[in-house]
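**Student:** Under numbering that gives the first Met the number 0, the first residue of the sequence shown is numbered 0, with each subsequent residue one higher.
Don't be surprised by glycine CBs; every beta carbon is placed ideally from N, CA and C.
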Amino acid sequence: MTSPMVLILLGPPGAGKGTQARMLEEDFGLVQLSTGDLLRAAAASGSAAGQQAKAVMEAGGLVSDAIVLAILKDRLRQPDVARGIILDGFPRTDGQAVALDGLLAEAGQRVNAVISLEVDDEAMIGRVAGRYTCGGCGEGYHDEFKQPAVAGTCDKCGGTAFKRRADDNAETVRERLKAYHAQTAPLITYYADKGVLERIDAMGDIAAIRGRLGSIIGQVTAH
Ligand code: AMP
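As structure tokens, then:
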């Protein structure tokens with residue numbers, strides 16, 4: 000039996016990791032694991048770790064490896080991950096990348112592909128600052144680039160409540176970009192050295208990028 004695929008999407012805030020990961024779930028039956036989503040759920044639950052994470056997230060910094068790894072390990076215990084996973088927003092530090100390799104090795108698995116979404120930093124501030132999601136189904140929208148067809152009503156589920164993330168403002172995005180360049184971008188070299196890195200231009204349109212990702216995953220699956 001082949002072991003489940005482990006795919007990582009790397010890229011700064013606003014690069015489209017979440018959007019593309021949700022599409023890849025549909026296209027390939029993989030499961031999206033977003034540590035940002037898991038941390039927001041922990042923060043909403045009011046747990047001690049969640050409270051600690053919330054303050055760091057609101058400031059645009061990185062939550063400690065210990066907290067992130069604990070919630071990720073928990074999530075990896077769910078049976079659906081056997082379908083294969085797309086890691087969105089993880090790993091973000093050297094320590095997390097090394098810990099992930101260890102966890103996978105214990106299960107006889109490895110990282111199959113890491114796709115770096117290459118974008119222009121300044122454009123990311125506008126992309127992130129205008130985005131919001133449907134409170135019911137999580138469908139993503141943007142003030143400038145993607146409004147619902149009927150104002151105030153979600154195209155996908157008909158919901159009328161929308162939400163914006165507390166950290167999606169220009170000032171916090173600048174901090175998040177700094178954290179990305181200081182702590183996460185070095186992982187591009189880490190994975191290039193392992194021979195699993197692919198880089199794609201992620202400035203174009205969403206469907207074109209979905210197609211590029213699809214062909215990379217198709218090649219990885221064929222091997
Ligand atoms: P995201 O939803 O991926 O944009 O993440 C939102 C925020 O959650 C980040 O700005 C960090 O504060 C925190 N976060 C998410 N994933 C990680 C991670 N792997 N390591 C550290 N902090 C993280």
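Check for me: the alpha helix (DSSP H) holding aspartate 204 runs from which residue to which?
**Tutor:** Residue mapping note: residue 204 aligns to position 205 of the sequence shown, counting from 1. No alpha helix (DSSP H) holds aspartate 204; DSSP gives it neither H nor E.
**Student:** Measure the C-alpha to C-alpha separation of asparagine 168 and alanine 41 and round it to an integer number of angstroms.
**Tutor:** Locating residue 168 in the sequence shown gives position 169, where the first residue counts as 1. Locating residue 41 in the sequence shown gives position 42, where the first residue counts as 1. For asparagine 168 and alanine 41, the distance between alpha carbons rounds to 21 Å.
**Student:** Report the three-state DSSP secondary structure of lysine 274 (helix, strand or coil).
**Tutor:** Coverage of the chain is limited to positions 0 through 222, which leaves residue 274 absent and any answer about it impossible.
**Student:** State yes or no: is the C-beta of methionine 30 within less than 8 Å of the C-beta of aspartate 79?
**Tutor:** On the sequence shown, position 31 is the one that residue 30 refers to. On the sequence shown, position 80 is the one that residue 79 refers to. Inspection of the sequence shows that residue 30 is occupied by valine rather than by methionine. Cβ distance < 8 Å, so valine 30 and aspartate 79 count as in contact.
**Student:** Look at valine 113 and isoleucine 7 and say whether their C-beta atoms are less than 8 Å apart.
**Tutor:** One-based indexing of the sequence shown puts residue 113 at position 114. One-based indexing of the sequence shown puts residue 7 at position 8. Closer than 8 Å, so yes.
**Student:** Expressed to the nearest angstrom, what Euclidean distance is found between the alpha-carbon atoms of leucine 61 and alanine 47?
**Tutor:** Your numbering for residue 61 matches position 62 in the sequence shown. Your numbering for residue 47 matches position 48 in the sequence shown. Going by the C-alpha atoms only, they are around 17 Å apart.
**Student:** Between leucine 68 and alanine 98, is the Cβ-Cβ spacing less than 8 Å?
**Tutor:** Locating residue 68 in the sequence shown gives position 69, where the first residue counts as 1. Locating residue 98 in the sequence shown gives position 99, where the first residue counts as 1. Taking 8 Å as the Cβ cut-off, leucine 68 and alanine 98 qualify as a contacting pair.
**Student:** Can you tell me whether alanine 52 is buried or exposed? The criterion is at least 16 other CB atoms within 10 Å of its CB, across all chains shown.
**Tutor:** The residue given as residue 52 occupies position 53 in the sequence shown. Buried, because 16 or more other Cβ atoms sit within 10 Å of the Cβ of alanine 52.
**Student:** Is threonine 132 near the ligand AMP, judged by its Cβ being under 7 Å from some heavy atom?
**Tutor:** Along the sequence shown, one-based indexing puts residue 132 at 133. No, the Cβ of threonine 132 stays beyond 7 Å of every heavy atom of the ligand AMP.
**Student:** With tyrosine 140 and arginine 126 assumed to form a contact (beta carbons below 8 Å), what rounded beta-carbon distance in angstroms separates them?
**Tutor:** Position 141 of the sequence shown, counting from 1, holds the residue named residue 140. Position 127 of the sequence shown, counting from 1, holds the residue named residue 126. In fact, because the Cβ distance is near 12 Å, the residues do not count as touching under 8 Å.
**Student:** Less than 7 Å between C-beta atoms, sequence neighbours within five positions excluded: which residues of the same chain meet that for arginine 91?
**Tutor:** Against the sequence shown, residue 91 aligns to sequence position 92. Same-chain partners within the cutoff: Leu61, Gln182 and Thr183.
**Student:** What span of residues does the beta strand (DSSP E) with aspartate 87 cover, start to end?
**Tutor:** Along the sequence shown, read from residue 1 onward, the residue named residue 87 stands at position 88. Counting along the chain, the beta strand (DSSP E) containing aspartate 87 begins and ends at 84-87.
**Student:** In the DSSP assignment, find the unbroken alpha helix (DSSP H) run with alanine 40 in it and report its ends.
**Tutor:** If you number the sequence shown from 1, residue 40 lands on position 41. Where alanine 40 is concerned, the enclosing alpha helix (DSSP H) stretches over 34-44.
**Student:** In terms of DSSP beta bridges, what is tyrosine 140 paired with?
**Tutor:** Reading the sequence shown from its first residue, position 141 is the one you call residue 140. Looking at the DSSP assignment, tyrosine 140 forms a beta bridge with Tyr131.
**Student:** Quick one: residues in its chain with C-beta nearer than 7 Å to the C-beta of aspartate 73, no 5 flanking neighbours on either side, listed in chain order?
**Tutor:** Here residue 73 is taken as the residue at index 74 of the sequence shown, counted from 1. The answer is none, since no qualifying residue turns up.
**Student:** What is the residue span of the beta strand (DSSP E) that leucine 99 lies within?
**Tutor:** Residue numbering aside, residue 99 sits at position 100 when the sequence shown is read from its first letter. Leucine 99: not part of any beta strand (DSSP E); member of the alpha helix (DSSP H) spanning 93-105, first to last residue.
**Student:** Which same chain residues, not among the five before or five after leucine 196, have their C-beta less than 7 Å away from its C-beta?
**Tutor:** The residue labelled residue 196 in the question sits at position 197 within the sequence shown. Excluding sequence neighbours, leucine 196 sits near Val113, Ser115, Ile187 and Tyr190.
**Student:** I'd like the list of long-range same chain contacts for alanine 201, defined as Cβ closer than 7 Å, with 5 residues on each side in sequence excluded.
**Tutor:** Numbered from its first residue, the sequence shown carries residue 201 at position 202. Cβ within range, chain order: Gly10, Ala14, Gly15, Leu116, Glu117, Val118 and Ile208.
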